[in-house]
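Residue numbers (the working numbering), protein chains in the order written: chain D, 676 to 1015; chain W, 61 to 521.
To start, the structure itself, in structure tokens.
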């Protein structure tokens, strides 16, 4: 029971809690206490020190919008954003109520009138922007994985193919999102024409930019992973005359899963970083636009709000990475202690 | 199918009854009601400036919804992006510089048919110089009781610019767009003080406007003005509020003159839509104008009593987003020049009084004369050409329809509008310019002849 709990805690990345579980079950208290200090106490101490350093040094930087906000001001701005979010939701409810009344009136006037319920026209709050960004990054990331993994597997299995496309990959890999963005924007504007589009153009542009920048680590890692599988395994597959699709799904992919996941993890991290830049530059909805808008506002709250966004962007990036690691541990059945 | 005849008869009866019911509910309304809007979901663009207020107010006060319109307002990165998005149809309409529909129609910069039926405001801009430049200007500015005498003319700036030229250093200033009010106001002010702001020569591919220039003017988006000046890239700029008051608050610059002092009650922004959009959605267009006239009236009502509330709306992060105090400084009838030197300028922002919302042909023609004056229109044009373009772009007919609706609804009194039966679209000759030159919109070429600096009749770069 206890071992199972510890194992699952390790798997989801809650390793630091483990000593507490051991302590609760009465396992060598002295050793567990020092473990707790090491795995929980020290990081907390480091964070506290960092916050202290931040608040002291921020107070010394004088900008034209006042001093740089410290942790306390940033927390205050965060609460302000929460209040704004709640106000906006209340306005949304009122908006729908007004619309209902108006539609009812319209129907009374003309029973045949077509009634349409419109989505709320007010602004996106900070929290809406977070959801938009997450939605966009996952779309781009999944698209990138769907392209990168098959190509990577093919390249890994076939040396000649890998040799042929390798220069292209090497050249496209380092291209910055800021260079892709104008091209993607123009192409999407020209190609994606529809009077009632399913997705907005800005969403498509951001997602494709994320795809273009984040597919390379997965591709390269997959190819390397597949290429370095023990040759005997593939030979066995050949001997027992496995169909090539079975060889891929039963041997190549499972054997290279750890490498593929390492690639995916890097890809997702890059995608998240790229998305914020793309949104900022192209004014597409999301956290990047939030930062840009606040920069433009130049109000005395702006810097604090931008810092709230920075902290949130960092935390989300951390959570995304943690998700990928846990997923890797679960899927690849590797011992949790080894995969870090 | 054989049943179709009796069925349609039934339908006719039904419709007739419905029509009777509808008309019965409108007893007392003798005017022709504007039909249902063809398009109800709309997206309008704006730039973060206080003069977008009519849009924000029409949204927040529910005037758009009263017209059955569901409007989204979206801040745009700069004037170019805004104009392009109106042309491509991503935006249904936008808060625009008065010069933008005109410039687009004659093909300066981008070529597209953009029209306007609603003028958004009068005044609202100022020219700001950096602290350093102000210190150099100050000795040349006349003082009374220890305070500078306003309006400050560019005569005081001329020795500063001359010293830069002597040292071989460029004198850089910022404005927001080549066909912006700000570009023309800054040029007007500079030229009135003997500083040449430079010519454009689009027929030679020169669209930077720096030929023969003493002061080099370049484009900077409004919200970036203060930080660009702070960085030392430009020494001064002409921009709308709150970006002049922001310089005062930040302590980085001094607004030396407002546009109200350069040309009293000058037309500023307009609400622009593409010709194609206006043709496709005529009822929607009229309803939009109706909502915005109401918003403008609310903004000026009872001696600006609603202004504090308007400032509160504008200071929200989705609109202008600057601090309440910064926006209030210019929106509530005052203007702060040098820090601490706050003066009354009751008409700094006008949204409704003096027929501010009516699209006058003479306003359009003034912009065209300035385009000609600075070479954006490279060839001589007859007076009739100015009139033709103005009639193509400015649409008082649409405005009048919307206004008559509001009068009939009893929302606004007829006396608050121009008399539509007799209105010619030309304001009487205007005398309130900083250089005392009189502008008569019916004689554009004669007007151009009056300037010392600037292209005249047959001049060509």
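All C-beta atoms, glycine included, are put in the ideal place defined by N, C-alpha and C.
Since the structure is predicted, the reported quantities are computational estimates derived from the model, not experimental observations.
Taken atom to atom, the span from the alpha-carbon of residue 221 of chain W to that of residue 493 of chain W is near 23 Å. Rounded to the nearest whole angstrom, the C-alpha separation of residue 407 of chain W and residue 305 of chain W is 16 Å. Contacts with chain D at 9 Å (Cβ-Cβ) do not include residue 297 of chain W. Distance from residue 120 of chain W to residue 373 of chain W at the Cβ level is roughly 5 Å; contact confirmed, criterion being Cβ atoms closer than 8 Å.
Annotated as distal: residue 259 of chain W and residue 280 of chain W, with beta-carbon spacing of 9 Å or more. When DSSP states are grouped into helix, strand and coil, residue 175 of chain W belongs to the strand group. Close to residue 383 of chain W, with beta-carbon spacing below 7 Å, are these residues of chain D in chain order: 974 and 975. When C-beta atoms of the segment 729–737 of chain D are compared with those of the segment 952–968 of chain D, fewer than three pairs fall below 8 Å, so the two segments do not count as touching. Annotation: residue 315 of chain W is outside any alpha helix (DSSP H); the continuous beta strand (DSSP E) that includes it extends over 313–318.
Proximity to residue 242 of chain W across W:413, W:323 and W:348 peaks at W:323, based on C-alpha coordinates. The secondary-structure analysis by DSSP pairs residue 402 of chain W across a beta bridge with W:396. Put simply, the segment 855–866 of chain D does not touch the segment 820–837 of chain D. Fewer than three CB pairs are less than 8 Å apart.
Assignment of residue 101 of chain W by DSSP, reduced to helix, strand and coil, places it in the strand class. Taking residue 897 of chain D as reference, the option from D:969, D:880 and D:923 with the minimal CA-CA separation is D:923. Taken through DSSP and simplified to helix, strand or coil, residue 96 of chain W comes out as coil. When 8 Å is used as the limit between beta carbons, residue 969 of chain D is near these residues of chain W: 377 and 381, in chain order. As the crow flies, the alpha-carbon of residue 138 of chain W is around 60 Å from that of residue 707 of chain D.
Using a CB distance cut-off of 9 Å, residue 774 of chain D counts as an interface residue toward chain W. Only residues of its own chain outside the window of five on either side were considered, and among them 234, 297, 299 and 303 have a CB closer than 7 Å to the CB of residue 285 of chain W, listed in chain order.
From the listed residues W:94, W:274, W:126 and W:184, the smallest Cα separation to residue 389 of chain W is found for W:184.
With contact defined as three or more Cβ pairs closer than 8 Å, the segment 757–765 of chain D and the segment 916–934 of chain D are not in contact. Think of a sphere of 7 Å around the beta carbon of residue 958 of chain D: the chain W residues whose beta carbon falls inside it are 137, in chain order. Chain-order list of chain W residues neighbouring residue 798 of chain D: 378, by C-beta distance under 7 Å. Residue-level contact by beta carbon holds for residue 132 of chain W and chain D, with a gap shorter than 9 Å. Neighbourhood of residue 306 of chain W in chain D, by CB distance below 8 Å: 973, in chain order. As for any beta strand (DSSP E) of minimum length 3 sitting wholly inside the segment 143–220 of chain W, the runs are 153–157, 174–179 and 185–190, ordered along the chain. Take residue 710 of chain D, set aside five residues on each side of it, and the residues of its chain with a beta-carbon closer than 6 Å to its own are 694, in chain order.
Sixteen is the threshold: when 16 or more other Cβ atoms of the shown chains lie within 10 Å of the Cβ of residue 301 of chain W, as they do, the residue is buried. Proximity of the segment 140–155 of chain W to the segment 426–443 of chain W falls short of the contact definition, fewer than three beta-carbon pairs being nearer than 8 Å. For residue 915 of chain D, the secondary structure class from DSSP, reduced to helix, strand or coil, is coil. Closer than 9 Å at the C-beta level to chain W, one finds these residues of the segment 758–769 of chain D: 759. Taking 9 Å as the CB threshold, residue 101 of chain W lines the interface with chain D.
Out of W:368, W:363, W:381 and W:316, the CA that lies nearest to the CA of residue 975 of chain D is found in W:381.
Segment contact: the segment 270–280 of chain W against the segment 250–259 of chain W, three or more CB-CB distances shorter than 8 Å; contact assigned.
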